């Protein structure tokens, strides 16, 4: 492609681009579960802007184009909740998801004193392999949430400092 992908904090002007990317990326998840009312596909722009104001949102850019995103927040007990990792379909399987995950982990530990990471994904998600490679282990399964009725969820956790797959050793830069 000739350009490198950079990872940085999202800015307010990125909100619409992130939401469009999220809608594109989560279509395959919705198809896998036969449920197009999953939370990533029903989120509003206002709800995303509220998440951006309250938490930490990172974007991956190829030139000026937003091609990946991830978000996280830290609970008062030090648990970092990581959510909505997505990479444009044309750039998947090239390590960008792992870079985004490592970048959000590093940022939440450094800036918000995260002690452990927690994420939830569907039991058929293509990201399960990535999460395991990056040191996450299943901490139990559920039978859905208030909005993801047909999706059996898998909760995964990892302690800060666990460097399986080099996940916490990778920096935010390109």
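Numbering (full-length UniProt numbering), first residue to last: 1 to 174.
Note that the Cβ used here is the ideal one computed from N, Cα and C, for glycine as well.
Quick caveat: nothing in here was measured; it's all calculated off a predicted structure.
For residue i, which residues in the same chain have their Cβ closer than 6 angstroms to its Cβ, ignoring the five residues on either side in sequence?
i           : result
residue 115 : 78, 160
residue 74  : 80, 108, 112, 114
residue 25  : 86
residue 91  : 67
Does the beta-carbon of residue i have 16 or more other beta-carbons within 10 angstroms, so that it is buried, or is it exposed?
i           : result
residue 135 : buried
residue 110 : exposed
residue 69  : buried
residue 129 : exposed
residue 154 : buried
Just list the residues that DSSP pairs residue i with in beta bridges.
i           : result
residue 158 : 117
residue 86  : 69
residue 130 : Note: residue 130 sits in no beta bridge, so no partner.
In chain order, what residues of the same chain lie with their CB nearer than 7 angstroms to the CB of residue i, ignoring the 5 residues before and after it?
i           : result
residue 15  : 45, 48, 49, 52
residue 157 : 116, 117, 118, 136, 137, 139
Would you mind giving the Cβ-Cβ distance between residue i and residue j, rounded to the nearest angstrom? I have them listed as a contact below 8 angstroms.
i           : j          : result
residue 120 : residue 33 : Not really, about 14 angstroms apart at Cβ, beyond 8 angstroms.
residue 30  : residue 18 : Their Cβ separation, rounded to whole angstroms, is 18 angstroms, which puts residue 30 and residue 18 out of contact at 8 angstroms.
Entirely within the segment 25-71 and at least 3 residues each: give me those beta strand (DSSP E) ranges in chain order.
56-62
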